[in-house]
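Numbering (UniProt numbering), first residue to last: 1 to 173. Glycine residues also receive a C-beta, built at the ideal position from the N, C-alpha and C atoms. Please read these numbers as outputs of a predicted model, since none were measured by experiment. The block underneath contains the structure these notes are about, expressed in structure tokens.
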Amino acid sequence: MTLRFLIKVWASYTALSGAHDVLAAMFVSLLAWDRPEEWPPLFGSVVEAYSLRRFWGNFWHHLHSRTCERLTPPFLRVTALWAFCLSAMCHALSNWVTFRNGYTALEMRFFLCNYGVCLMETVGYRAVGGFMRFDRQLTRAAGYVWVLSVFVCLVPGWRYPVIVETALNARER
């Protein structure tokens, strides 16, 4: 299960990065329509993903971040929650196009759980981080284990129902 998760993450990372890099080369070098600074790296450094907040905020892609920011109502102060909800809806729409089923409840549960864990990290850090100092390398190592553990707990409930239904539908054909 953990191995499948890691393969899925790196497959997504590779596919998105590869497409981004090819398009950047095309639009910057071949067509000269864009400047290099208009094509910043799609992903941050995985070394910075030692908390779930840092995984989503610093490492994972931000393909829809600007759109989320622009679609955030001015009165809404919980922009992170809004971003996770919009991300869930984007994934549900993508699922609908791919599978003819949005799996909206699965998407909402996964992304809202991620938001909840990020919120708990923030509250915990503010409660403890201000007066307790830990070894930086030990903290980061524990953080990587934490992030992996969170995903090992959340991803199967998010992806396996889709995989099972897809396999059953393929077998019926």
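Backbone secondary structure at D135 - three-state DSSP: Taking the first residue of the sequence shown as 1, we reach residue 135 at position 135. Coil at D135, not helix or strand.
Beta carbon of F111 nearer than 7 angstroms to that of S87: If you number the sequence shown from 1, residue 111 lands on position 111. If you number the sequence shown from 1, residue 87 lands on position 87. Result yes, Cβ atoms of F111 and S87 sit closer than 7 angstroms.
Coil, strand or helix - P36 by DSSP: By 1-based counting over the sequence shown, the position of residue 36 is 36. Helix, per DSSP.
Own chain partners of T104 with C-beta closer than 7 angstroms, once the 5 adjacent residues on each side are dropped: The residue you call residue 104 lines up with position 104 of the sequence shown. Counting only Cβ-Cβ distances below 7 angstroms, and skipping sequence neighbours, we find A92.
Close Cβ partners of V102 (< 8 angstroms) along its chain, the five nearest in sequence each way excluded: For the purposes of this step, residue 102 is identified with residue 102 of the sequence shown, where counting begins at 1. First, the amino acid is wrong: residue 102 is Gly here, not Val. Counting only Cβ-Cβ distances below 8 angstroms, and skipping sequence neighbours, we find A92, L93, N95, W96.
Rounded C-alpha distance that separates L16 from R109: Reading the sequence shown from its first residue, position 16 is the one you call residue 16. Reading the sequence shown from its first residue, position 109 is the one you call residue 109. One C-alpha to the other measures close to 24 angstroms.
A49 - DSSP class collapsed to helix/strand/coil: Position 49 of the sequence shown holds residue 49. Here A49 sits in coil by DSSP.
Simplified DSSP state of H61, which is helix, strand or coil: If you number the sequence shown from 1, residue 61 lands on position 61. In the structure shown, H61 sits in coil (DSSP, three-state: anything other than H, G, I, E or B).
Distance, R66 Cα to W82 Cα: Looking up residue 82 in the sequence shown gives position 82. Looking up residue 66 in the sequence shown gives position 66. Distance between the alpha carbons of W82 and R66 is about 13 angstroms.
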